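Note that the sequence shown covers residues 1 to 73 in full-length UniProt numbering. Structure, as C-alpha coordinates:
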Amino acid sequence: MAVDLSFFRSETSQRLRAEGRAEDIVLLLEEREVHIPDEARHRITTCHDPSVLKTWFRRAITATTADEVFGGD
(Lines of atoms letter the chains of each structure in order from A and count residues from 1; the text may use other names and numbers.)
(Lines give C-alpha, C1' and ligand atoms only; values in the text may rest on other atoms or scores of the structure.)
Protein backbone atom coordinates (compact mmCIF):
# COMPACT_ATOMS: atom_id res chain seq x y z
CA MET A 1 0.00 0.00 0.00
CA ALA A 2 1.49 3.31 -1.11
CA VAL A 3 1.23 6.30 1.17
CA ASP A 4 0.36 9.66 -0.37
CA LEU A 5 3.04 12.09 0.76
CA SER A 6 2.06 14.90 -1.61
CA PHE A 7 0.87 17.11 1.26
CA PHE A 8 4.41 17.31 2.63
CA ARG A 9 5.60 18.75 -0.68
CA SER A 10 2.60 21.04 -1.13
CA GLU A 11 2.60 24.81 -0.99
CA THR A 12 0.48 24.67 2.16
CA SER A 13 2.99 22.45 3.90
CA GLN A 14 5.87 24.70 2.88
CA ARG A 15 3.99 27.76 4.16
CA LEU A 16 3.33 26.06 7.51
CA ARG A 17 7.01 25.17 7.88
CA ALA A 18 7.96 28.76 7.05
CA GLU A 19 5.53 30.09 9.66
CA GLY A 20 7.08 27.79 12.23
CA ARG A 21 10.57 28.92 11.33
CA ALA A 22 9.53 32.59 11.58
CA GLU A 23 8.03 31.94 15.02
CA ASP A 24 11.28 30.21 16.04
CA ILE A 25 13.31 33.27 15.02
CA VAL A 26 11.10 35.58 17.07
CA LEU A 27 11.19 33.21 20.05
CA LEU A 28 14.97 32.87 19.86
CA LEU A 29 15.44 36.64 19.81
CA GLU A 30 12.98 37.12 22.67
CA GLU A 31 14.68 34.47 24.79
CA ARG A 32 18.02 36.15 24.16
CA GLU A 33 16.39 39.46 25.16
CA VAL A 34 17.09 41.06 21.79
CA HIS A 35 14.63 43.91 21.17
CA ILE A 36 12.49 43.28 18.09
CA PRO A 37 10.94 46.46 16.67
CA ASP A 38 7.45 46.04 15.20
CA GLU A 39 8.75 46.51 11.65
CA ALA A 40 11.35 43.74 12.11
CA ARG A 41 8.80 41.42 13.73
CA HIS A 42 6.44 42.00 10.79
CA ARG A 43 9.23 41.35 8.27
CA ILE A 44 10.11 38.06 9.95
CA THR A 45 6.56 36.79 10.43
CA THR A 46 5.44 37.61 6.88
CA CYS A 47 8.44 36.03 5.14
CA HIS A 48 7.59 32.75 3.42
CA ASP A 49 10.94 32.02 1.75
CA PRO A 50 12.47 28.99 3.52
CA SER A 51 16.04 29.83 2.48
CA VAL A 52 15.77 33.41 3.75
CA LEU A 53 14.25 32.23 7.03
CA LYS A 54 17.02 29.67 7.44
CA THR A 55 19.63 32.40 6.96
CA TRP A 56 17.87 34.70 9.41
CA PHE A 57 17.58 31.90 11.97
CA ARG A 58 21.31 31.24 11.80
CA ARG A 59 22.04 34.94 12.25
CA ALA A 60 19.55 35.19 15.13
CA ILE A 61 21.64 32.73 17.11
CA THR A 62 24.36 35.35 17.64
CA ALA A 63 22.63 38.64 16.73
CA THR A 64 22.60 41.38 19.33
CA THR A 65 20.10 43.50 17.37
CA ALA A 66 17.22 42.69 15.06
CA ASP A 67 19.05 44.49 12.23
CA GLU A 68 21.87 41.94 12.47
CA VAL A 69 19.37 39.20 11.66
CA PHE A 70 18.72 40.81 8.27
CA GLY A 71 22.41 41.40 7.59
CA GLY A 72 21.91 43.81 4.71
CA ASP A 73 19.20 41.70 3.04
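Where a beta carbon is used, it is the ideal one built from N, C-alpha and C, also for glycine. If you're wondering where the values come from, they're calculated on a predicted model, not measured in any experiment.
Cβ neighbours of Arg21 within its own chain (closer than 8 Å, five residues either side excluded): Pro50, Leu53, Lys54 and Phe57. For Ile36, same chain residues with a beta-carbon under 6 Å away, outside a window of 5 residues either side, are Leu29 and Ala66 in chain order. Shown here, Arg32 sits in coil according to DSSP, grouped into three states, outside any helix or strand. The beta carbons of Val26 and Thr45 sit closer together than 8 Å.
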